[in-house]
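K.L.:
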Amino acid sequence: MATVIPISATPVEGHNDGDDFLAYLASNPKTNLVSSSQDKEQFDSLTGAFNQRLYTSAMAIVTPTNAQAISSAVTFARQYNIPVTARGGGHSYAAYGVGNGNAQGLVIDLSHFSNIQLKDDNRTVVVGGGVRLGDMALQLDEWGLAIAHGVCPFVGVGGHAAFGGFGYASRAWGLTLDHIIALDVVMADGTYLQGLTREQDPDLFWALCGAAPNFGIQTAYHFRAHEKPNNVVRVKYSYSNASPDMMTRAFLAFQAWGQESSPPNLGLTAVIGGGGSFEITGIYYGTGDACKKLMAPFEDKLPEGFSTEVDQAMSWIESLQALSHSQPLSTKGKTGFRDCFYAKSLMTPDSPNQLITTDAALAFFTYLQKTATTTNWFVEIGLYGGAGSAINAVPLNQSSFAHRSSLLSFQMYASSKTYGNPYPEDGFDFVSGMYDALLNPMKEIWGTSYGAYVNYVDPSLTPDQVKTLYWGSQYERLSTLRAKYDPTEVFKYPQAIRPSTSTT
13 MATVIPISAT PVEGHNDGDD FLAYLASNPK TNLVSSSQDK EQFDSLTGAF NQRLYTSAMA
73 IVTPTNAQAI SSAVTFARQY NIPVTARGGG HSYAAYGVGN GNAQGLVIDL SHFSNIQLKD
133 DNRTVVVGGG VRLGDMALQL DEWGLAIAHG VCPFVGVGGH AAFGGFGYAS RAWGLTLDHI
193 IALDVVMADG TYLQGLTREQ DPDLFWALCG AAPNFGIQTA YHFRAHEKPN NVVRVKYSYS
253 NASPDMMTRA FLAFQAWGQE SSPPNLGLTA VIGGGGSFEI TGIYYGTGDA CKKLMAPFED
313 KLPEGFSTEV DQAMSWIESL QALSHSQPLS TKGKTGFRDC FYAKSLMTPD SPNQLITTDA
373 ALAFFTYLQK TATTTNWFVE IGLYGGAGSA INAVPLNQSS FAHRSSLLSF QMYASSKTYG
433 NPYPEDGFDF VSGMYDALLN PMKEIWGTSY GAYVNYVDPS LTPDQVKTLY WGSQYERLST
493 LRAKYDPTEV FKYPQAIRPS TSTT
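The structure is reproduced here in structure tokens:
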């Protein structure tokens, strides 16, 4: 049963004065207030966005050490009409976790919530909301356990699990959020629910598994982990100087085989870059011999001209290190890479009648090859669905994540040449052009069955696009529940779900 822990703070009704609010936070040492006027250097460090072209507009950040301090801060923020966001890893593409778009808001930093605990059943792990993916993977590996998650070690578990969490093991095990069996969460009224399960509040649990930052601050996730694989095989097929036609044929083979024949214990991703680079990486959880037999028909479908790399005997943790883009898995005492970029995403339907056509693929790859840009760019295409995908096996009434019938996830991403400011104006048009080059030829076939992935958040989307692309049919229920659990929108960011009673 969830433990409900009341707060000890006594809020003052009817105030909206920011100075009074800061004075309260400063008088409460457990909140660890940092404001721009108090310590600008530390404030800038804590609110520095992963995406450097975006900035915070928050008035202050707190770094509490326990849930009761979070409860107090949230309660007083509500009384003073101060919008609140939480920062886990700080990797939001739109910098929402550090207060971008929340004028004079409060950021609650979860870096002190970094514990990872193994429960007595030796399968349930409790992971703090401030833990990074790499550190979680290392600790679980020591216990012989693993869960499905992304490949960037410095990404925070908090936001990653809150909105989905896709990795190479997801087709076998589901998204990161599909491992959640309970949560510790501070609600908009300051109530702290410890160990909340589906059975205790089905509506709230459903909402938290897919849209959590709209409903509370998650201080910890309780995950049901898997035994880590005994062996992992990594295989890579690479083309260089590939023409648009060559890329089209390779992609169509990737799409068709992924949809029809790829088993769930195979993760598959294609990455396209400048200079005609086209790479397909497969991560297989099994033996080298089994992987070789499995991939032979796929290789036969690929156009000639590719080179092959195979690592036949990797451990689980070695596979994560190999996929980490040369970043260390341990983030302790280290500063993660920062970027300056714009990105869009596209989720395609998992139906044999709605596969991307030859003409659409050729238009897309021709655009990538022929359009001039001053950016460093890539396109990443992840296989979500296909035969036996654990992601698509979860019904929509089990979690609020909207994309349970998708085949592919496109991430279209362009950085500045220096990976720092300023960001070139042509970058926005270049990425938007990528998106349009693929979507426009497919709109009639797809209708409303395509979407976008909220963890690749795009701040340029309109409110209507946010509803349809991120949430689809889930939005109405989420909006109704937002009115129940946070009617005054304490937890607020520009693309937050609006309560059903809201008129603006």
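The numbers in our numbering rise by one with no breaks, and the one at position 236 of the sequence shown is 248. By construction, the Cβ of each residue, glycine as well, lies at the ideal position given by its N, Cα and C atoms.
Excluding the 5 residues preceding and the 5 following Lys496 in the sequence, name in chain order all residues of the same chain whose CB lies nearer than 8 Å to its CB.
P.N.:
As a first step, residue 496 must be located in the sequence shown, where it is residue number 484. Excluding residues within five positions, the ones whose Cβ falls inside 8 Å are Asp215.
K.L.:
Fully enclosed by the segment 35-117, which beta strand (DSSP E) runs are 3 residues long or longer?
P.N.:
45-47, 72-74 and 96-99
K.L.:
Any idea what DSSP makes of Val502, helix, strand or coil?
P.N.:
Taking the first residue of the sequence shown as position 1, residue 502 is located at position 490. Three-state result, Val502: coil.
K.L.:
Grab me the residues of Gln54's own chain with a C-beta within less than 6 Å of its C-beta, minus the 5 sequence neighbours each way, in chain order.
P.N.:
To locate residue 54, count along the sequence shown from 1; it is residue 42. Within its own chain, the residues whose Cβ lies closer than 6 Å to the Cβ of Gln54, once the five positions on either side in sequence are excluded, are Val46, listed in chain order.
K.L.:
Does DSSP put His172 in a helix, in a strand, or in coil?
P.N.:
On the sequence shown, position 160 is the one that residue 172 refers to. It is helical.
K.L.:
The ligand MG heavy atoms versus the CB of Gly398: any closer than 7 Å?
P.N.:
Although the ligand MG was asked about, the structure shown includes no ligands whatsoever.
K.L.:
Report the residue from Tyr354, Glu311, Asp196 and Tyr36 whose alpha carbon sits nearest the alpha carbon of Asp470.
P.N.:
Stepping through the sequence shown from its first residue, residue 470 is reached at position 458. Of the candidates Tyr354, Glu311, Asp196 and Tyr36, the one whose C-alpha sits nearest the C-alpha of Asp470 is Tyr354.
K.L.:
Can you tell me which of the three DSSP states Trp155 falls into?
P.N.:
Position 143 of the sequence shown, counted from the start, is the residue given in the question as residue 155. DSSP places Trp155 in coil when its eight states are reduced to three.
K.L.:
Between Gln267 and Leu367, which are expected to be in contact by the criterion C-beta below 8 Å, what is the C-beta distance as a whole number of angstroms?
P.N.:
Your numbering for residue 267 matches position 255 in the sequence shown. Your numbering for residue 367 matches position 355 in the sequence shown. Correct: roughly 6 Å between the Cβ atoms.
K.L.:
Could you give the first and the last residue of the continuous beta strand (DSSP E) run that contains Asp448?
P.N.:
Position 436 of the sequence shown, counted from the first residue, corresponds to residue 448. From DSSP, Asp448 is part of no beta strand (DSSP E) but of the alpha helix (DSSP H) over Glu437 to Leu451.
K.L.:
Is it right to say Glu501 is buried, meaning 16 or more other beta carbons lie within 10 angstroms of its own, or is it exposed?
P.N.:
Here residue 501 is taken as the residue at index 489 of the sequence shown, counted from 1. Buried, since its Cβ has 16 or more Cβ neighbours within 10 Å.
K.L.:
For Ser252, count neighbouring Cβ atoms within 10 angstroms of its own Cβ and tell me buried if that reaches 16, exposed if not.
P.N.:
On the sequence shown, residue 252 is found 240 positions in, with the first residue counted as 1. Exposed: under 16 other Cβ atoms inside 10 Å.
K.L.:
Work out the CA separation of Gly30 and Val478 for me, nearest whole Å.
P.N.:
Within the sequence shown, residue 478 is the residue found at index 466, counting from 1. Within the sequence shown, residue 30 is the residue found at index 18, counting from 1. Going by the C-alpha atoms only, they are around 30 Å apart.
K.L.:
Please state if the CB of Ser255 and the CB of Gly288 are separated by a distance shorter than 8 Å.
P.N.:
Residue mapping note: residue 288 aligns to position 276 of the sequence shown, counting from 1. Residue mapping note: residue 255 aligns to position 243 of the sequence shown, counting from 1. Against a cut-off of 8 Å, the Cβ pair of Ser255 and Gly288 comes out as a contact.
K.L.:
If you draw a straight line from the alpha carbon of Ile192 to that of Phe235, how long is it in whole angstroms?
P.N.:
Position 180 of the sequence shown, counted from the first residue, corresponds to residue 192. Position 223 of the sequence shown, counted from the first residue, corresponds to residue 235. The alpha-carbon atoms of Ile192 and Phe235 are separated by roughly 5 Å.
K.L.:
Please report the straight-line C-alpha distance between Glu456 and Ala399, rounded to a whole angstrom.
P.N.:
One-based indexing of the sequence shown puts residue 456 at position 444. One-based indexing of the sequence shown puts residue 399 at position 387. For Glu456 and Ala399, the distance between alpha carbons rounds to 25 Å.
K.L.:
Could you tell me which residues DSSP pairs with Pro361 in its beta bridges?
P.N.:
Position 349 of the sequence shown, counted from the start, is the residue given in the question as residue 361. According to DSSP, which records beta bridges pairwise, Pro361 is partnered with Ser418.
K.L.:
How many Å lie between Leu34 and Asp448 at the Cα?
P.N.:
Numbered from 1 along the sequence shown, position 22 holds the residue referred to as residue 34. Numbered from 1 along the sequence shown, position 436 holds the residue referred to as residue 448. Using only the alpha carbons, I get a separation of about 46 Å.
K.L.:
Exposed or buried, what is Lys240 when buried is set at 16 or more other beta-carbons lying within 10 Å of its beta-carbon?
P.N.:
Indexing the sequence shown from 1 puts residue 240 at position 228. Buried: at least 16 other Cβ atoms inside 10 Å.
K.L.:
What residue range is occupied by the uninterrupted alpha helix (DSSP H) comprising Ser331?
P.N.:
Within the sequence shown, residue 331 is the residue found at index 319, counting from 1. Where Ser331 is concerned, the enclosing alpha helix (DSSP H) stretches over Trp328 to Ala334.
K.L.:
Spell out the partners DSSP gives Asp351 in its beta bridges.
P.N.:
Within the sequence shown, the letter at position 339 stands for residue 351. Partner(s): Asn63.
K.L.:
Cutting at 6 Å between CB atoms, please list the residues of its own chain near Phe376, excluding the five before and the five after it.
P.N.:
Locating residue 376 in the sequence shown gives position 364, counting from the first residue. Taken in chain order, the residues that qualify are Ala449 and Leu450.
K.L.:
Kindly list the residues whose CB is nearer than 8 Å to the CB of Gly179, restricted to its own chain and excluding five residues on each side of it in sequence; keep chain order.
P.N.:
Walking along the sequence shown from the start, residue 179 turns up at place 167. Only Ala160, His161, Gly162, Val163, Thr188 and Gly279 meet the Cβ criterion.
K.L.:
Does DSSP put Val478 in a helix, a strand or coil?
P.N.:
Here the question's residue 478 lines up with position 466 in the sequence shown. Reduced to three states, the DSSP call for Val478 is helix.
K.L.:
Among all the DSSP beta bridges, which residues are the ones paired with Asn388?
P.N.:
Walking along the sequence shown from the start, residue 388 turns up at place 376. Bridge partners of Asn388: Ser427.
K.L.:
Tell me the start and end of each unbroken alpha helix (DSSP H) in the segment 198-259 that is at least 4 residues and wholly inside, in chain order.
P.N.:
214-223
K.L.:
Among Leu66, Val96 and Ala61, which residue has its Cα nearest to the Cα of Tyr505?
P.N.:
Position 493 of the sequence shown, counted from the first residue, corresponds to residue 505. Closest by alpha carbon: Val96.
K.L.:
Near Thr515, what residues of its chain come up, given a Cβ to Cβ distance below 7 Å and the 5 sequence neighbours on each side ignored?
P.N.:
Counting from 1 along the sequence shown, the entry for residue 515 is found at position 503. In this predicted model, Thr515 has a pLDDT of only 47, less than 50, meaning its place in the structure is not dependable; the value taken from the coordinates is given anyway. Once the five neighbours on either side are set aside, Thr515 has no close Cβ partner at all.
K.L.:
Under 8 Å Cβ to Cβ from Gly102, same chain only, skipping five residues before and after it: list those, please.
P.N.:
Taking the sequence shown and counting its residues from 1, one reaches residue 102 at position 90. The residues are Gly60, Ala61, Phe62, Gly109, Val110 and Gly168.
K.L.:
Just the Cα atoms here: how many angstroms apart are Leu481 and Ser39?
P.N.:
Within the sequence shown, residue 481 is the residue found at index 469, counting from 1. Within the sequence shown, residue 39 is the residue found at index 27, counting from 1. The alpha-carbon atoms of Leu481 and Ser39 are separated by roughly 43 Å.
K.L.:
Just reading off the beta strand (DSSP E) that Thr293 is part of, what are its end residues?
P.N.:
Taking the sequence shown and counting its residues from 1, one reaches residue 293 at position 281. Note, Thr293: beta strand (DSSP E), Ser289 to Tyr297.
K.L.:
Go ahead and label Val322 buried or exposed: buried means 16 or more other beta carbons lie within 10 angstroms of its beta carbon, across all protein chains shown.
P.N.:
Position 310 of the sequence shown, counting from 1, holds the residue named residue 322. With fewer than 16 other Cβ atoms from the protein chains shown falling within 10 Å of its own Cβ, Val322 counts as exposed.
K.L.:
If you count every other CB in all the chains shown that lies within 10 Å of the CB of His337, and 16 or more means buried, which is it?
P.N.:
Sequence index remark: in the sequence shown, residue 337 carries index 325 (1-based). Classification for His337: exposed.
K.L.:
Does DSSP put Lys344 in a helix, a strand or coil?
P.N.:
Counting from one through the sequence shown, the residue named residue 344 turns up at place 332. Coil.
K.L.:
Please classify Gln230 as buried or exposed, where buried requires at least 16 other C-beta atoms within 10 Å of its C-beta.
P.N.:
Translated into positions along the sequence shown, residue 230 becomes position 218. Classification for Gln230: buried.
K.L.:
For a quick check, are the C-beta atoms of Val119 and Ile82 less than 8 Å apart?
P.N.:
Translated into the one-based positions of the sequence shown, residue 119 becomes position 107. Translated into the one-based positions of the sequence shown, residue 82 becomes position 70. Not closer than 8 Å, so no.
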